[in-house]
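Protein chains in written order, with this note's numbering: chain A, 1 to 340; chain B, 341 to 760. Backbone N, C-alpha and C define an ideal beta-carbon position, used for all residues, glycine too. Owing to the predicted nature of the structure, the values given are computational and were not obtained by experimental measurement. Here is the structure we will look at, set down as structure tokens.
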Amino acid sequence: MSKFLNLATVLVLMASAATAESVAGKFGLGRVALLEEIAAWDKDVRPNGEGLPVGSGNVLWGEEIFAEKCASCHGDFAEGVGNWPKLSGGQDTLADKDPLKTVGSYWPYLSTTWDYVNRSMPFGNAQSLTDDEVYAMVAYILYSNDLVDDDFVLSNETFFNVEMPNADGFIVDDRVETEHALWVGEPCMQDCKEDVKITMRARVLDVTPEEITATEEVAAAGNAADVEKSVAETAAIDPALVKAGKKVFKKCKSCHQVGEKAKNRSGPILNGLMGRAAGQVEGYKYSKAMRESGVVWNAETLSEFLLKPKAFVKGTKMGFNGLKKDKDRAAIAAYLSTFE
Amino acid sequence: MTKQTKTQSRRAFLKGAAVTGAGLATTKAMAATPDPLITEVQPWAQQLGDGVDVTPYGLPIEFEKDVVRRNVEWLTADTISSINFTPIHALDGTITPQGCAFERHHSGAIELAKSDYRLMINGLVDQPLVFSYADLERFPRENHVYFCECAANTGMEWAGAQLNGAQFTHGMVHNMEYTGVPLRALLQEAGYDISAKWIFVEGADASSNGRSIPMEKALDDVLVAFKANGEALRKEHGYPVRLVVPGWEGNLWIKWIRRIEVMDGPVESREETSKYTDTLADGTSRKWTWAMDAKSVVTSPSPQSPITHGTGPLVITGLAWSGRGAIKRVDVSKDGGKTWEIARLAKPGEKMALSRFYLDTDWDGSEMLLQSRAMDETGYVQPTKTQLRAVRGENSIYHNNCIQTWWVRENGKAENVEVS
């Protein structure tokens, strides 16, 4: 087709689009989005496979990636650590008292899993996986739910061979039909029931956070200012490095806490890390490897560990991949040294 | 004029009657000794306060430091993907100050500068477009007050009374005046396909929170907002631009909104399949449960706001709202739902906005089982928890709009309870 014809076709198409099928604006604001820009942001994948890129990955590879990038929160077998989401199990529990909702037991579409892993995971390092890695990881999640065999390869072609157990488990909101008819009209004002008894009390459960009072808060704020001051003093060596470390620490924050209110999470507290023997924080369940590593933490050992965690302490349960840049590792050490 | 004169003369008459009518007047308490706060010159009456350059942007005075957002640690694995609660027990009126309005993030509150902000409209449009922040400010603007309620508000109470405080049971709600551009105008600017039934909206943060919304709603009242309560949105509420979806669950109110795709079907994203779907007793689940049904709660007295003044005049107050229109009436019961009184609305209800109600009463010091019951303009009456459970079971998590009960004791303290 000649260029002229191409152009003519486009013009005809544009004219018909503008007149017959669409509503167009009048302000002339904004600019035309480029194809590269749309490709960069338009990543959603739909149940019919629209948006799914060409690619593939198998269960075994997925298991490796999962162990490295996901298991610290979701568990080695996708069974979930602590309060983090469980991704496997729970089939046939949806009508139970405490249903377990996982990819296998609840999610109606495989596209949702692919889409979510691709755009939003891993937590704290989203959009870092290649398409093939996403295929592999989703294959592993399916395997952990007994939905595919260990030799399964998930690809844009095998995608629709997978049956999701709860695909038919959803109905469209019917509250207006099923509920509103029950609860309309003039309500009862007098003698609405014979007897009223207390059947349950929140205090018995006792799960409400403690109250705070204005005076305590003022005092606490004062302390915080003091702490900040002392932090600033100890870090006087290189405040810029400490500041940089605080930024890098964002990568660690989903598992490790520092500061006054720090608690063990999926990783141990990192207060007072420098000079401490590895594997010694009370109340934290370390891997055997870490407990028996004989490592004492200082700027050098920490840097070495963070370069390749699994190589330095073989068998550590820390899922983190490591920090490749020297300056990032130095910054983390500087930052952590400010927490006594 | 006439009316005023009449009132004045009536007052004068009553006063006269009280003085002469032996023993009928309300006897006021007497202080044993003069109050030093009155008789002695206080430092604030003698020395000087802060100058106008001390607080370029003010926070509440230190005496109000307890009126803050709180979180419930055990609810989520991490505070970065979590929720906190508006201190509704300590607020009055209807507008929620941004600084204490609840937050819900899936990957933390991000910092996105106006200069780095881009909004893309693509999909079934004549021309996919990119808007800058400055572009958005050039479209005709509207102002509206709307409540935003998380679908999980009161979600911890399905299986029984659990959290002891209105902030924790009902604080996943806020109400602000938004300034923004109707989404309709932006869709028209791109030339949307009139056969397209859906849009997909997504945020710029790492969670890429994305939801599908029917085109009918998108063209109706959805706002692309950049100001709340007169000032820029706070970081935690989606600065510089968020979506406002009146009356519908908070998860749809995409923060840091970066993309709107016009589509012929829903995406069925994680947030509209595995989350924000309501599982019924038989194990099937409702999806697309967007609208928030009518709901109310007594904010004071309540567990965090006990009665401290003894018997006599007592202001019972609370909030009511509906995602399906304006609040028409709120009733209050002091006996766990046996008898009800009609409360006073501070002003006529507004569509998809919080209403404030008051019941000005005389407390005799006896126990109360305080409840409130909202009615909206559709005629819907807020149900009891028993009624809700009869239809849905206890596993819905979301959309618990049941009548709440506070057990107020003789000492004025209150507790979250369930009643028969």
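Distance CB(residue i)-CB(residue j) smaller than 8 Å
i             : j             : result
residue 413/B : residue 209/A : yes
residue 593/B : residue 440/B : no
residue 323/A : residue 248/A : yes
residue 279/A : residue 298/A : no
residue 739/B : residue 622/B : no
residue 507/B : residue 425/B : yes
residue 567/B : residue 518/B : yes
residue 140/A : residue 79/A  : no
residue 66/A  : residue 110/A : no
residue 541/B : residue 550/B : yes
residue 315/A : residue 289/A : yes
residue 30/A  : residue 469/B : yes
residue 597/B : residue 543/B : yes
residue 748/B : residue 699/B : no
residue 636/B : residue 714/B : yes
residue 38/A  : residue 626/B : no
residue 505/B : residue 644/B : yes
residue 619/B : residue 654/B : no
Near the ligand MG: residue i beta-carbon under 7 Å from a heavy atom
i             : result
residue 196/A : Looking for the ligand MG in the displayed structure turns up nothing, as the structure carries no ligands at all.
Per-residue burial, residue i [other beta carbons within 10 Å of its own, 16 or more giving buried]
i             : result
residue 677/B : buried
residue 326/A : exposed
residue 189/A : exposed
residue 433/B : exposed
residue 228/A : Residue placement at residue 228/A is poorly supported in this model, since its pLDDT is 41, which falls under 50; the coordinates are not used for a value here.
residue 585/B : buried
residue 384/B : exposed
residue 732/B : buried
residue 291/A : exposed
residue 151/A : exposed
residue 363/B : Note that residue 363/B scores 47 on pLDDT, short of 50, meaning its location in the model is unreliable and no value can be drawn from it.
residue 339/A : buried
residue 483/B : exposed
residue 513/B : buried
residue 54/A  : exposed
residue 509/B : buried
residue 4/A   : Unreliable placement is indicated for residue 4/A, whose pLDDT of 42 sits below 50; the coordinate value is still reported in the next sentence. Exposed, since its Cβ has fewer than 16 Cβ neighbours within 10 Å.
residue 396/B : exposed
residue 479/B : buried
residue 117/A : buried
residue 145/A : buried
N-terminal and C-terminal residue of the beta strand (DSSP E) that residue i is part of
i             : result
residue 170/A : 170-172
residue 652/B : 652-661
residue 543/B : 538-543
residue 510/B : Note, residue 510/B: premise wrong, no beta strand (DSSP E); alpha helix (DSSP H) at 506-510.
residue 460/B : 458-463
Run of the alpha helix (DSSP H) containing residue i, from where it starts to where it stops
i             : result
residue 560/B : 555-560
residue 137/A : 131-144
residue 305/A : 299-307
residue 745/B : Looking at the DSSP string, residue 745/B is not in any alpha helix (DSSP H); the run it does join, the beta strand (DSSP E), is 745-748.
residue 62/A  : 59-69
residue 827/B : Look at the range of chain B in this structure, 341 to 760, and you will see that residue 827/B is not part of it.
Q: Please confirm if the region 194-206 of chain A is in contact with the region 167-183 of chain A, defined as three or more CB-CB distances below 8 Å between the two stretches.
A: Contact fails: fewer than three Cβ-Cβ distances are below 8 Å.
Q. Are the region 49-62 of chain A and the region 88-106 of chain A touching, with three or more C-beta to C-beta distances below 8 Å?
A. These segments do not touch.
Q) Which residues, in chain order, does the region 617-633 of chain B contribute to contact with chain A at a C-beta distance below 9 Å? A) Cβ contacts with chain A: 617, 618, 619, 620, 621, 622, 623, 624, 625, 626, 627, 628, 629, 630, 631 and 633.
Q.
Any C-beta of chain A within less than 7 Å: which residues of the region 538-558 of chain B qualify?
A. Look at the region 538-558 of chain B: the residues with a C-beta under 7 Å from a C-beta of chain A are 540, 546, 547, 548 and 550.
Q) Using 8 Å as the threshold, is the region 677-696 of chain B in touch with the region 656-669 of chain B, meaning 3 or more CB pairs across them? A) Output reads yes: the region 656-669 of chain B touches the region 677-696 of chain B.
Q | Where the region 477-495 of chain B meets chain A: residues whose CB sits under 7 Å from a CB there | A | When C-beta distances to chain A are compared with 7 Å, the residues of the region 477-495 of chain B below that value are 478 and 479, in chain order.
Q. Which of the residues in the region 179-193 of chain A, read from start to end, lie with their CB under 9 Å from any CB of chain B?
A. Within the region 179-193 of chain A, the residues whose Cβ lies closer than 9 Å to some Cβ of chain B are 179, 180, 182, 183, 184, 185, 186, 187, 188, 189, 190, 191, 192 and 193, listed in chain order.
Q. Listed in chain order, which residues of the region 195-215 of chain A have Cβ atoms closer than 9 Å to some Cβ of chain C?
A. Looking at the structure shown, chain C is missing, and the protein chains on hand are A and B.
**Q.** Proximal residues, the region 374-407 of chain B versus chain A, C-beta separation under 9 Å
**A.** Listed in chain order, the positions of the region 374-407 of chain B with a beta carbon within less than 9 Å of a beta carbon of chain A are 402, 403, 404, 405, 406 and 407.
**Q.** Contact between the region 38-47 of chain A and the region 601-614 of chain B (3+ Cβ pairs under 8 Å)
**A.** Verdict: yes, contact present.
Q. Looking at C-beta atoms only, is the number of pairs between the region 493-500 of chain B and the region 462-477 of chain B that lie closer than 8 Å three or more?
A. In short, these stretches do not touch, since the Cβ pair count stays below three.
Q: May I ask you to list, following chain order, the residues of the region 106-117 of chain A that have a beta carbon less than 9 Å from some beta carbon of chain B?
A: Residues 106, 107, 108, 109, 111, 112, 113, 115 and 116.
(Q) Residues of the region 23-42 of chain A in Cβ contact with chain B at a cutoff of 7 Å, in chain order, please. (A) Under the 7 Å Cβ criterion, the region 23-42 of chain A contributes 23, 24, 25, 27, 29, 30, 31, 32, 33, 37, 38, 41 and 42.
**Q.** Residues of the region 729-746 of chain B with Cβ closer than 7 Å to any Cβ of chain A, in chain order
**A.** Here the close residues are 731 and 735.
Q.
Taking contact to mean 3 or more Cβ pairs, one atom from each stretch, closer than 8 Å, check whether the region 24-35 of chain A and the region 85-96 of chain A are in contact.
A. Output reads no: the region 85-96 of chain A does not touch the region 24-35 of chain A.
**Q.** Contact set between the region 142-176 of chain A and chain B, restricted to residues whose Cβ is under 8 Å from the partner
**A.** Answer set for the region 142-176 of chain A: 169, 170, 171, 172, 173, 174 and 175.
Q: Give, in chain order, every residue of the region 302-326 of chain A whose Cβ lies closer than 9 Å to some Cβ of chain B.
A: Within the region 302-326 of chain A, not one residue has a Cβ closer than 9 Å to any Cβ of chain B.
Q | Contact residues within the region 575-589 of chain B, judged by C-beta distance below 7 Å to chain A | A | So the list is empty, because no residue satisfies the distance condition.
Q. What residues from the region 670-694 of chain B come within 9 Å of chain A, judged by C-beta to C-beta, listed N to C?
A. Taken in chain order, the members of the region 670-694 of chain B whose beta-carbon sits within less than 9 Å of a beta-carbon on chain A are 671, 673, 675, 676, 677, 678, 679, 680, 681 and 682.
**Q.** Contact set between the region 704-715 of chain B and chain A, restricted to residues whose Cβ is under 7 Å from the partner
**A.** Flagged, chain order: 709 and 713.
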